[in-house]
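Note sheet for the following structure.
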Amino acid sequence: SLTALLSDFDKHEEFLKLEPTEFIAQGDKVVVLGNFVARSKQTNNQYATDFAHIFTVKDGKIVGFLEFFDNAAAGRAH
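Here the sequence shown is numbered in the numbering used here, starting from 841 and rising by one per residue.
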């Protein structure tokens, strides 16, 4: 679930900035484009990346979530 995913992120990273810049909605999909800066709680290193979040919505609830970001930058920070 999305709640479990966000909880797992919180164990490992602190988001210092999370800035959505564009929202695109069509049918049952909502795409959110933006950027964030995060800090690894293990190493204290920071990284920045653009992101694309794709939500699938049914009956007013999020039923799917897909995320794209520079995970190589995250890996270097950890």
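Cβ atoms here follow ideal geometry from the backbone N, Cα and C, with glycine treated the same way.
I'd like the span of the alpha helix (DSSP H) that includes residue i, first residue to last.
i, result
"glycine 799", "Given that the chain is displayed from residue 841 to residue 918, the structure contains no residue 799 and the question cannot be resolved."
"asparagine 911", "911 to 917"
Pull up the CB-CB distance for residue i and residue j, whole angstroms please, since I reckon it's below 8 Å.
i, j, result
"alanine 878", "leucine 856", "6 Å"
"phenylalanine 863", "threonine 889", "Actually they are not in contact, since the Cβ atoms of phenylalanine 863 and threonine 889 sit about 19 Å apart, beyond 8 Å."
"glutamate 854", "glycine 874", "Going by Cβ atoms, the distance from glutamate 854 to glycine 874 rounds to 17 Å, so no, they are not a contact pair."
First and last residue of the beta strand (DSSP E) that includes residue i?
i, result
"glycine 874", "869 to 880"
"threonine 883", "Segment: none, threonine 883 is in no beta strand (DSSP E) and carries neither H nor E."
CA-CA distance, residue i and residue j?
i, j, result
"glycine 915", "lysine 901", "31 Å"
"valine 871", "threonine 883", "31 Å"
"threonine 896", "glycine 904", "5 Å"
"tyrosine 887", "histidine 852", "13 Å"
"phenylalanine 876", "asparagine 885", "14 Å"
"lysine 869", "isoleucine 894", "7 Å"
"glutamine 866", "asparagine 911", "27 Å"
"serine 880", "lysine 898", "33 Å"
"aspartate 850", "alanine 913", "18 Å"
"leucine 906", "alanine 917", "22 Å"
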